Amino acid sequence: MAGTVEQRLLAFIEQMPDWQLRYTLAQLGEQFGVSRQRVHQILGSRRRGEHDQRERVTSAQLTGLLASAGLDLGQPQPAVDAPAQARERLTAFIAANPAAVLQLWEGGMTLKAIQRQAGISRPMLERCWQELELPARRRGPRASLVVRREICAQCGEAFDWTRKLERSLRTGQRKYITCSLSCSRKLATAD
Ligand SMILES: [Zn+2]
70 MAGTVEQRLL AFIEQMPDWQ LRYTLAQLGE QFGVSRQRVH QILGSRRRGE HDQRERVTSA
130 QLTGLLASAG LDLGQPQPAV DAPAQARERL TAFIAANPAA VLQLWEGGMT LKAIQRQAGI
190 SRPMLERCWQ ELELPARRRG PRASLVVRRE ICAQCGEAFD WTRKLERSLR TGQRKYITCS
250 LSCSRKLATA D
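Take a look at the structure:
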């Protein structure tokens, strides 16, 4: 393969859209005879997120590609299926925290908290949420279910207090008047 390292690298990844799933920058650097940093410099802007939408190279294509480029990158890592991995994580997280999917005013968790605790990126979480057909996040409860506005005992935010919340307070299932489960937890630990 003729050309500068940059041209060769760019030509290489052009033919292997899922290269990020298969090779580290260090592996590519070793093959192309440059540092990992140099590979990053050349490919940096092409890295983020691209692989999600783009097609996978089959292993037959891959073998041909590596041979024609005169490269010996060894047995490639099986391409990591990021969406499947995220789905698995989310499913496991929800199995362990079933209340997380409830609406916030019913004691559910914010997507931000789920994202952090399950270790999934926000775009991936939103995608999996839809795919798994989890209840869509609503802004607030239906007006008919709202008893009154309340002030969260932990964060001071005003929020809609519903019949369901009222009931859970009466039955002792809920101890505090809080806007979310995370505020309840904070309050409980402060107790
Ligand atoms: Zn609160």
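If you read the sequence shown in this note's numbering, its first letter stands for residue 70, the second for the next number, and so on. We treat Cβ as the ideally placed atom computed from N, Cα and C, and that holds for glycine. Predicted model only: the values in this text are computed from it and were never measured.
{"query": "Within its chain, find whatever has a CB closer than 7 Å to the CB of residue 163; leave out the 5 residues flanking it on each side and keep chain order.", "result": "169, 170"}
{"query": "Going along the chain, which residues put their C-beta within less than 6 Å of some heavy atom in ligand 1?", "result": "221, 223, 224, 226, 247, 248, 249, 252"}
{"query": "Could you give the first and the last residue of the continuous alpha helix (DSSP H) run that contains residue 216?", "result": "Here residue 216 belongs to no alpha helix (DSSP H); instead the beta strand (DSSP E) covers 215-220."}
{"query": "According to DSSP, is residue 95 part of a helix, a strand, or is it coil?", "result": "helix"}
{"query": "Taking 7 Å as the limit between beta carbons, can you name the residues of its chain near residue 256, skipping five residues before and five after?", "result": "222, 223, 245, 247"}
{"query": "Residue 216 to residue 237, Cα distance in whole Å?", "result": "13 Å"}
{"query": "Can the beta-carbon of residue 227 be found closer than 8 Å to that of residue 218?", "result": "yes"}
{"query": "What is the rounded straight-line gap between the Cα of residue 259 and the Cα of residue 103?", "result": "55 Å"}
{"query": "May I ask you to report which of helix, strand or coil DSSP gives residue 132?", "result": "helix"}
{"query": "Cβ of residue 253 within 8 Å of Cβ of residue 179?", "result": "no"}
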